[in-house]
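For the sequence shown, the tail end lands on 1051 under our numbering, and the numbers increase by one without skipping.
We treat Cβ as the ideally placed atom computed from N, Cα and C, and that holds for glycine.
Worksheet: the structure to be examined is printed underneath.
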Amino acid sequence: QIEDLEGQIQDLQSQQDQLVEQKDELQKQIEQFRTKKETMKARHEAAKASARVNEAMTGAGDEMQDINQAIERAEERTEDMEARSQAMDELREDGVLESQISDESSLERELEEVRQKGSVDAELDTLKAEMGKAEDGDSGSSDADVSEAELEKELTDESTQVDVDESEVESELDELKEDEK
871 QIEDLEGQIQ DLQSQQDQLV EQKDELQKQI EQFRTKKETM KARHEAAKAS ARVNEAMTGA
931 GDEMQDINQA IERAEERTED MEARSQAMDE LREDGVLESQ ISDESSLERE LEEVRQKGSV
991 DAELDTLKAE MGKAEDGDSG SSDADVSEAE LEKELTDEST QVDVDESEVE SELDELKEDE
1051 K
């Protein structure tokens, strides 16, 4: 029986040695797997970074498209604002819009227009005098008389003046405000 037990002990010892060898082999494989996993992870991150760089350089990719679209929208808004500013400047220069910071009342502005018209009439009289009209006293009709009369008529003709409906201006301003939003 002792011999049987000794044989069993030797069998168990050899099995234990085999298990230890298998354990060591398994640990080596696990370590190799971890190394391979870390290598694959690093390669994946490098490829991902390379793809992002290429997309940025070529303008491809979702992020770059979003950035390009944002830039285009900003340019459009800037152009719209510039057009609005230019339109407002033109309306102000044409006298359609009144300055809110001006101390002049509408009556004062009308008086200034009358004064300017008076200066135009005075300039017309000066031109007549220079042409010899006042000195000659010629009462006959001539080409110069017709030209002066036509010029005077054009200067005083109401059909050549710009008539702007305030409601049209207000509706245009409202549209511009809506577009701005």
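Here V966 carries a coil assignment [DSSP, helix/strand/coil]. Cβ contact annotation for L1046 (same chain, cutoff 6 Å, sequence separation greater than five): R954, in chain order.
Under the DSSP assignment, G1002 falls outside any alpha helix (DSSP H); it carries neither an H nor an E label. Linking A957 to S920 through their CA atoms gives a straight-line distance of about 48 Å. Residue state for Q986 is assigned as helix, using DSSP reduced to three classes. Per DSSP, Q888 is one residue of the alpha helix (DSSP H) stretching across 872 to 928.
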